[in-house]
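Visitor: Dropping the structure in here first, questions after.
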Amino acid sequence: MALRSALLSALAAVAAASSAGARPRTGEGDAVALVQRELSSAALPTGSPRAAFAPGDHVLVQLEDWPERSDGSSMVKGSVTGKGAKAGSYNVHLWVGPPRRREMLDVPGERLMDARAAEEAEAAKEAEREEAERKAEAERAEAERKAEAERREAERKAEVERQEAERKAEEEAKLEAARLAEEEEQARRQAEEEALARRASVHAKWEAVKAARLKDAGAEDAPLEVQQDVLRSEKFKEQLRAKAAEAHVKFVVKDPWGNEAAFDLAKKLPFNTVMGAACERLGLQKERARFSYRGKVVHPSDTIWVLDLGDHDVVMVKGPRK
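In structure tokens form, the structure reads like this:
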């Protein structure tokens, strides 16, 4: 496009020089030659005859001894530099060909044709090409605009989806936190209920032991002060200690995979006495192990007596392996 514009500018300069009766400079002549070669072969023979020409007119010259063009014609473009010495003849400067043959004198007028029609056809063709380029550029710009709009729309949708995903994640996190809080509260209430149940069991056992002692002492119907003296006696306390020391239970600690560890423990001892050993034998992490008996949580401070654990009973333990 830039080359064509430069060539057209050179063509205009030659035309101006021809109008003034001057010859084009060598560089301009070469540029004009390039323009001449770019003119379509079909456009040259479309000139029209004229009665007379003036200096500077662009003409098509019929040269009988000139090599034929690809279309079979021998029309060469040039510009009139003035009238020839013979009547009805003109001096012409050709725009193409060897430099020594570009200046033609006394060319008969019947061998000249007006080049304006060819130039107008070429100008129309150039305008058509430029219009096609303009349309192509407009289509390209429109395609880019649509692509950019689609890209922005895709980015907008992606952002909306991202925000929606974040919102759902936050809601799920809140629901999960609420669920965990509810589970913790439920576990706390269950632990309190189990503690109350253990205390009630201990109290019931103590009442049974107390009733048996009062019965042995014949103080079942005695006043409260007498009963308290019986229960506070060193003999009664010694009996309780001896009985607790002699009481042992054989039980099993079992993990979810069916592995077992057997223990023989005095009823008065706290359960944490066997927790570490059980985890070590079963290959579990002690700090994360959880023990249970008959569906109830076993705490480290619980004794065999409080748990009411009998011989051959099974205590379950759950937790990650080491």
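All letters in the sequence shown, in the order written, are residues -17 to -1, 1 to 305 by mature numbering (1 follows the signal peptide of the UniProt record, and there is no 0). Don't be surprised by glycine CBs; every beta carbon is placed ideally from N, CA and C.
Which residues in the same chain as Gly266 place their Cβ atom closer than 6 Å to its Cβ, once the five residues preceding and following it in sequence are excluded?
Guide: Arg304, Lys305
Visitor: Would you tell me roughly how many angstroms separate the C-alpha atoms of Asp247 and Ala174, rounded to the nearest one?
Guide: Between Asp247 and Ala174, the alpha-carbon positions lie close to 26 Å from each other.
Visitor: Between the alpha carbons of Pro82 and Glu114, how many angstroms are there, rounded?
Guide: Those two C-alpha atoms are separated by around 36 Å.
Visitor: Put Gly39 into one of helix, strand or coil per three-state DSSP.
Guide: coil
Visitor: Taking DSSP as the reference, what is the three-state secondary structure of Gln173?
Guide: helix
Visitor: Report the option in Phe274, Ala194, Val75 whose CA atom is closest to the CA atom of Phe36.
Guide: Val75
Visitor: Let me know if Gln19 comes out buried or exposed under the rule of 16 or more other beta-carbons within 10 Å of its beta-carbon.
Guide: With a pLDDT of 45 at Gln19, under the threshold of 50, the modelled position of this residue cannot be trusted; read the value that follows with caution. Counting of Cβ neighbours within 10 angstroms places Gln19 among the buried residues, the total reaching 16 or more.
Visitor: Taking C-alpha atoms, which residue in Met299, Arg139, Val289 lies nearest to Arg273?
Guide: Met299
Visitor: Take Glu47 as the anchor and find which of Glu93, Ala170, Glu168, Pro283 has the nearest alpha-carbon.
Guide: Glu93
Visitor: Compute the Euclidean distance between the alpha carbons of Ala195 and Lys157, then round it to the nearest angstrom.
Guide: 57 Å
Visitor: Terminal residues of the continuous alpha helix (DSSP H) containing Thr256?
Guide: Run containing Thr256: 255 to 265, per the alpha helix (DSSP H) assignment.
Visitor: Which residue comes first and which comes last in the beta strand (DSSP E) that contains Leu252?
Guide: Note, Leu252: premise wrong, no beta strand (DSSP E); not H, not E.
Visitor: Where does Glu47 sit, in a helix, a strand or coil, going by DSSP?
Guide: coil
Visitor: Going by the beta-carbon positions, is the gap between Met96 and Val42 smaller than 8 Å?
Guide: yes
Visitor: Would you grab the beta carbon distance between Ala98 and Lys60 for me? Rounded to a whole angstrom, and I think it's under 8 Å.
Guide: The pair is a contact, with the Cβ atoms about 6 Å apart (cut-off 8 Å).
Visitor: Under DSSP, the beta strand (DSSP E) around Val79 begins and ends at which residues?
Guide: It is not in any beta strand (DSSP E) - Val79 carries neither H nor E in the DSSP assignment.
Visitor: Do you know whose CA, among His295, Lys279, Gly80, lies nearest Ala180's CA?
Guide: Lys279
Visitor: Among Leu88, Ala107, Val44, Tyr73, which has the Cα closest to the Cα of Val79?
Guide: Val44
Visitor: Here's the rule I'm using: 16 or more other beta-carbon atoms within 10 Å means buried, otherwise exposed. How should Val143 be labelled?
Guide: Around the beta carbon of Val143, fewer than 16 other beta carbons lie within 10 angstroms, which makes this residue exposed.
Visitor: May I ask you to report which of helix, strand or coil DSSP gives Asp296?
Guide: coil
Visitor: Please name the residue in Glu165, Ala70, Glu122, Leu77 whose C-alpha comes closest to that of Met58.
Guide: The alpha carbon of Met58 has as its nearest neighbour, out of Glu165, Ala70, Glu122, Leu77, the alpha carbon of Leu77.
Visitor: Rounded to whole angstroms, what's the CA-CA distance from Arg162 to Met258? Just pull it up for me.
Guide: Rounded to whole angstroms, Arg162 to Met258 spans 30 Å at the Cα level.
Visitor: Return the Cβ separation of Val185 and Val281 in integer angstroms, given the expectation that the two are a contact with Cβ distance under 8 Å.
Guide: About 15 Å; that fails the 8 Å criterion.
Visitor: Rounded to the nearest angstrom, what separates Glu177 and Asp285 at their Cα positions?
Guide: 11 Å
Visitor: From this set, Val90, Gln146, Asp291, Ala187, which residue's C-alpha is nearest Gly71's C-alpha?
Guide: Val90
Visitor: Locate the alpha helix (DSSP H) running through Val289, then write down its first and last residues.
Guide: 287 to 290
Visitor: Less than 7 Å between C-beta atoms, sequence neighbours within five positions excluded: which residues of the same chain meet that for Glu102?
Guide: His41
Visitor: Hey, how far is the Cα of Glu166 from the Cα of Glu131?
Guide: In this structure, the alpha-carbon of Glu166 lies about 52 Å from that of Glu131.
Visitor: Report the option in Ala106, Ala68, Glu190, Ala107 whose CA atom is closest to the CA atom of Leu88.
Guide: Ala68
Visitor: What is the rounded straight-line gap between the Cα of Pro206 and the Cα of Val192?
Guide: 18 Å
Visitor: Which of helix, strand or coil does DSSP assign to Ser284?
Guide: Ser284: coil per DSSP, three-state reduction.
Visitor: Helix, strand or coil for Ala14, going by three-state DSSP, please let me know.
Guide: Because the pLDDT of Ala14 is 42, which lies under 50, any placement of that residue in the model is unreliable, and the question is left without a value.
Visitor: In angstroms, rounded to a whole number, what distance separates the CA positions of Ala249 and Thr256?
Guide: If you take the alpha carbons of Ala249 and Thr256, they lie about 10 Å apart.
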